[in-house]
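These protein sequences, in sequence, are chains X, P and F.
Just so you know, the UniProt record's numbering puts 138 at position 138 of the first sequence, and the rest follows in order with no gaps.
Just so you know, the UniProt record's numbering puts 25 at position 25 of the second sequence, and the rest follows in order with no gaps.
Just so you know, the UniProt record's numbering puts 60 at position 60 of the third sequence, and the rest follows in order with no gaps.
For reference, the structure is listed below as structure tokens.
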Amino acid sequence: MLEFLLALLTTATVGALLMPLVRGRTAATHRSSGRFEGELAIYRDQLAEIERERAGGALSESEAAAARLEIERRILAADAAAKTPTASSDTLHRLLPPALALAIPLLALGLYLKVGHPGLPAAPFIAGTKPPAEQPMDIAQLVAQARARVAAEPNSADAQSALGEALTLEADGTVPPGALEAFNKAITLQPGDARSLYYLGLHEAQAGDSAAALKRWQELEAKSPPNAPFLPMLRAEMARVAQAAGLPAGATMPQLSRDQQEAMAALTPEQRQQAIRGMVEGLAARMKENPQDRGGWLRLANAWKVLGESANAVDAYAKADALAPVDARLLADWAEAHVRGLKPGEAPSPAAVAVLERLEKAEPRNGLALFYLGAASFAAGDKAAAARRWKTLLALLPADAPIRAMLEERIKAADSP
Amino acid sequence: MKRVLVLLLATLFALPALAVDPSEMLKDPALEARAREIGQALRCVVCQNQSIDDSAAEVARDMRRAVRERLTAGDSDAQVFDFMVARYGDYVLLKPPFKLGTLVLWLGAPLLLLIAASAIMLTALRRRATAPLPPLSDEERERLRSLLGR
Amino acid sequence: MSRRLLFLLPLATLALMAGFFAWSLMAGRDPASIGSVMVGRPAPKLDLRALREGDKPLTDALLRTGKPTIVNFFASWCTPCLAEHPLFTRLAQRDGAVIIGIAWKNKPEEARAWLAKLGDPFLYAGQDFDGRTGIDWGLSGVPETYLIDGNGIVRFHFRGPITEKDVRDAILPFLKGGKP
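Here it is as structure tokens:
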């Protein structure tokens, strides 16, 4: 119906514009002789009037002559115009109607496709009408059922996340504190629970941390089976949040395309390792050309660390640190890369000690720093410092930690004179 | 015929329905009249182009009440307008004040008229100022005679 | 030739106006936006009953504490208020923002139930049931949010719900520096 009306309106518009043009053209062929006769009659009258006024003395001889001359010139000009066909405007006249007939509907259609919403369902006449009365009842029922299920199975992640979802529905799509609590419980019960991960991300987006939301959702997307039913919805939501926050949807993590992911899945573990190494080496080469990209160095460091190339990872961390000092969490990663290659009992290198000392300063109770700095102190002959660090560490360890025995042995050695 | 005339007059002089509720009105008819006059000149800030007297919006109702409260407290009309401008800016006045920011608003239309008028004047003047025409040549006189048929 | 130019003048004026209107539409400029005359001026007076039972009434003194303060007008019946609510919750919890919430044209019990369900980020909460305070603050509806510096001067006035971008670009810098 609407399409029909739109077509009708367009036709009317084009018609209104074409009518005078087409009519003008057919009239033009008859015009020359007929119109000139009319003009001539007027000029004749004017000449007669001048003659009358001259005779009556209203015009002097010279004034009358000038006026007559002007009219005579006009008669000649009108005659000339009637005789020469209007050649200059002919091409324009021929081309204008079809051009307009084409251009107007095209322009209108283009504009409509750009700003219109052809797929939009008809809106109810009164805006803001309440949904049918039974709907609030349903949600209240849903919440009650979800609560009952949580009471019956307190350790079911699914029950918890279902409650969270019901509470979110009840709050018109905003994740309320009660739902947040339920989702967090579900996550501790089952770390990969997709529904909870989705809603925790939604909460982050609503609370103004869209970057965290997108990161969480990207991880969820990567972990989900490719045929998971919620993936289209998740991707749409990611696009929406990214757009609203002005972030590129895939910026926080280098993402493989769908094809690349499928190609990866088809490889043997050795081939996959080889492919990953190739990608990391590519990143390393790019970093050589663009050494000011601190984020790039950190990504590279992490990649080398995952591949077990500790020395390369240590270098990359140092490069990033030189651009801007790294925080405590990265210091821990960096220190770990430093000490991973050590044999049991071997003391860390001076470079490793420097990183470990920074880590200890940032986090005085960091186990890694306490253990290896203790070893460094012991190797340097400072037995008291070694014993102090190891004792601090021992106090932090749980009673059943497997390295307690080894640590106690070492403390004994440090305490002996 | 008479009935048609009455109907016609009634439609011609019909006023837009006011949103002012009888319960809002002041007891003093003089004060209420002033409140109406002010209300007609104040813009409802959430409506596109309605006065607060014409609008049923919540804010418009509050503004009407504020106008009446100010008047009852003894404010002059100007003081009531100042009260509203202090809170909502010049936007609240349906007739904007004449100042730098509203210059285009006030002078735009007259300026356009002036430009158009001077364009017409100039063309007319130019036509009058054209040089005297050269007399007709013999050949032209001949053509003219044949055209006029004499 | 110059006469033809003269005739083109009205056309050029029309084109200029069309261009201006097109720019207004495209540049996302809201012609109905009414701006605010509050910014740069001392905050209007605050004298309200507390929303939560047992709390002290809200007074002007709350706006002149030396600390930047956020004033948010909301209502439980207002959907955009729902959308911006988690942002205020996070501002209160993570950034320790002092937020004064004012329930505008909202029955106190409904506003309280709404806050109980969604969480209550407001250090102080008042009720403006009849909208008188709203008029004093130049309010046009809910939600609207004002940022008030430590000396009680209004520095920002957001009409409509605040967004992540507002928090990032205006509110957090304001809370840190006390001035825009």
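Ideal placement from N, C-alpha and C gives every residue a C-beta, glycine not left out.
A quick note: this is a predicted structure, and the numbers were derived from the prediction, not measured.
query = Do you know whose CA, among 180/X, 164/X, 170/X, lies nearest residue 138/X's CA?
reply = Closest by alpha carbon: 170/X.
task = Under 8 Å between beta-carbons, which chain P residues line up against residue 134/F? List them in chain order, please.
result = By Cβ distance, chain P contributes 59, 62.
query = Are the C-beta of residue 173/F and some C-beta of chain P separated by less than 8 Å?
reply = So no, residue 173/F is outside the interface.
inquiry  = Quick check on residue 352/X: does DSSP put it in helix, strand or coil?
reply    = Of the three classes helix, strand and coil, the one that applies to residue 352/X here is helix, per DSSP.
Listed by chain order, chain X residues near residue 140/P by CB distance under 9 Å = Contact of residue 140/P with chain X by beta-carbon distance below 9 Å involves 72, 73, 76.
ask   = From residue 418/X to residue 407/X, what does the alpha carbon distance come to, in whole angstroms?
value = This structure gives no information on residue 418/X, because the portion of chain X shown stretches from 1 to 417.
query = Listed from N- to C-terminal order along the chain, which residues in the segment 45-74 of chain X have their beta-carbon within a distance smaller than 7 Å of any beta-carbon of chain P?
reply = So the list reads 66, 69, 70, 72, 73, given in the order they occur along the chain.
request  = May I ask you to report which of helix, strand or coil DSSP gives residue 52/P?
outcome  = Of the three classes helix, strand and coil, the one that applies to residue 52/P here is coil, per DSSP.
message = the ligand MG and residue 372/X: does any heavy atom of the ligand fall closer than 7 Å to the residue's C-beta?
response = Ligands displayed in this structure: none; no statement on the ligand MG is therefore possible.
query = Start and end of the beta strand (DSSP E) containing residue 147/F?
reply = Where residue 147/F is concerned, the enclosing beta strand (DSSP E) stretches over 144-148.
query = What in chain P is Cβ-close to residue 66/F, meaning under 8 Å?
reply = Within 8 Å of the CB of residue 66/F, no CB atom of chain P is found; the nearest one sits about 26 Å away.
ask   = Could one say the Cβ of residue 71/F lies closer than 8 Å to chain P's Cβ atoms, at least one of them?
value = Answer no: the Cβ-Cβ gap between residue 71/F and chain P never drops below 8 Å.
query = Straight-line CA distance for residue 77/P to residue 71/P?
reply = Roughly 8 Å separates the two Cα atoms.
message = Determine, for residue 126/F, whether the minimum Cβ-Cβ distance to residues of chain P falls below 8 Å.
response = Chain P has no Cβ within less than 8 Å of the Cβ of residue 126/F.
inquiry  = Helix, strand or coil, according to DSSP, for residue 65/F in the structure here?
reply    = Residue 65/F falls in the coil class under three-state DSSP.
key: According to DSSP, residues forming a beta bridge with residue 49/F   = DSSP lists 127/F as partners of residue 49/F.
request  = Provide the residue(s) that pair with residue 104/F in DSSP beta bridges, ordered along the chain.
outcome  = For residue 104/F, DSSP records a beta bridge to 128/F.
task = Give, in chain order, every unbroken run of the alpha helix (DSSP H) that is at least 4 residues long and sits entirely within the UniProt domain "CcmH/CycL/Ccl2/NrfF N-terminal" (8-148) of chain P.
result = Fully enclosed alpha helix (DSSP H) runs of 4 or longer: 29-41, 58-72, 77-88, 103-128, 138-148.
inquiry  = Which of the three DSSP states is assigned to residue 163/F in this structure?
reply    = In the three-state scheme derived from DSSP, where H, G and I count as helix and E and B as strand, residue 163/F is classed as coil.
query = Counting contacts by CB-CB distance shorter than 8 Å, is residue 126/P in contact with chain X?
reply = No, residue 126/P does not count as interfacial toward chain X.
key: Delimiting residues of the alpha helix (DSSP H) encompassing residue 75/X   = That run of the alpha helix (DSSP H) goes 61-83.
task = Note down, in chain order, every chain X residue with its Cβ under 8 Å from the Cβ of residue 86/F.
result = 174, 175, 203, 206, 207, 208, listed in chain order.
ask   = DSSP on residue 139/F, reduced to helix/strand/coil?
value = Note: residue 139/F maps to coil in three-state DSSP.
message = Suppose contacts are defined by Cβ-Cβ distances below 8 Å. Is residue 353/X in contact with residue 334/X by that definition?
response = Note that the C-beta distance between residue 353/X and residue 334/X is not below 8 Å.
query = Is the beta carbon of residue 144/P sitting closer than 8 Å to the one on residue 21/X?
reply = Taking 8 Å as the cut-off, the beta carbon of residue 144/P is found no closer than this to the beta carbon of residue 21/X.
query = In three-state DSSP terms, what is residue 132/X?
reply = With a pLDDT of only 47 at residue 132/X, under the threshold of 50, the placement of this residue in the model should not be trusted; the figure read from the coordinates follows. Under the three-state reduction of DSSP, residue 132/X is assigned to coil, being neither helix nor strand.
request  = Compare the Cα-Cα distances from residue 362/X to each of 397/X, 394/X, 325/X, 348/X and report the closest residue.
outcome  = If we check each option's Cα against that of residue 362/X, 325/X comes out closest.
message = Within the continuous alpha helix (DSSP H) that includes residue 322/X, where are the two ends?
response = Counting along the chain, the alpha helix (DSSP H) containing residue 322/X begins and ends at 310-323.
message = Would you say residue 10/F lies against chain P (beta-carbon separation less than 8 Å)?
response = Taking Cβ atoms only, chain P reaches closer than 8 Å to residue 10/F, which makes this a yes.
key: Beta-carbon neighbours of residue 145/F, restricted to chain X and to distances below 8 Å   = Per Cβ cutoff of 8 Å: no residues; residue 145/F is ~13 Å from chain X at best.
message = Just list the residues that DSSP pairs residue 58/F with in beta bridges.
response = In the DSSP assignment, residue 58/F forms a beta bridge with 48/F.
task = Could you tell me which chain P residues have their CB closer than 8 Å to the CB of residue 37/F, listed as they occur along the chain?
result = Close to residue 37/F, with beta-carbon spacing below 8 Å, are these residues of chain P in chain order: 85, 86, 87, 88, 89.
inquiry  = Quick check: is the beta carbon of residue 8/X nearer than 8 Å to any beta carbon in chain P?
reply    = Contacts with chain P at 8 Å (Cβ-Cβ) do not include residue 8/X.
request  = Under 9 Å between beta-carbons, which chain P residues line up against residue 105/F? List them in chain order, please.
outcome  = What residue 105/F touches in chain P: 58, 62.
inquiry  = Let me check understanding here. Comparing Cα to Cα, which of 191/X, 190/X, 196/X, 383/X lies closest to residue 179/X?
reply    = Residue 196/X is the option with its Cα nearest to residue 179/X.
task = Return yes when the Cβ of residue 175/X is within less than 8 Å of the Cβ of residue 210/X, no when it is not.
result = Against a cut-off of 8 Å, the Cβ pair of residue 175/X and residue 210/X comes out as no contact.
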